[in-house]
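Beneath this line is the structure, given in structure tokens, with notes to follow.
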């Protein structure tokens with residue numbers, strides 16, 4: 106395989122073990138529908154902090170009240186190293 110898509114383990118520490126055990130890039134699957142934006146962004150931040158190569162998120166984007174904004178917040182975490190707090194602030198500003 107050129108890339109592996111796996112469920113997030115729930116913590117950056119345990120996900121790092123998964124990443125270190127693979128010889129190809131690892132991305133997280135989006136998993137079940139999450140209750141709030143903070144949970145989504147914390148999952149993304151934890152996976153990237155653990156060395157994950159990216160994300161493959163479906164339902165938590167497509168079923169989001171504002172798919173464009175959540176993708177933008179996720180992208181900034183993955184590509185720019187933004188914090189969860191910055192992502193949440195950006196989502197809140199979009200509600201005004």
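Numbering (this note's numbering), first residue to last: 106 to 201.
Just so it is clear, CB atoms sit at the ideal spot from N, CA and C, and this is done for glycine as well.
Computed from a prediction, not measured in an experiment: that's the story for all the values here.
When burial is assigned at 16 or more other CB atoms within 10 Å of the CB, is residue i buried or exposed?
{"i": "residue 142", "result": "buried"}
{"i": "residue 120", "result": "buried"}
{"i": "residue 192", "result": "buried"}
{"i": "residue 152", "result": "buried"}
{"i": "residue 117", "result": "buried"}
{"i": "residue 115", "result": "exposed"}
{"i": "residue 161", "result": "exposed"}
Measure the C-alpha to C-alpha separation of residue i and residue j and round it to an integer number of angstroms.
{"i": "residue 196", "j": "residue 123", "result": "30 Å"}
{"i": "residue 150", "j": "residue 135", "result": "13 Å"}
{"i": "residue 140", "j": "residue 129", "result": "31 Å"}
Ranges of the beta strand (DSSP E) found wholly within the region 109-163, counting only runs of at least 3: 109-112, 131-134 and 159-161
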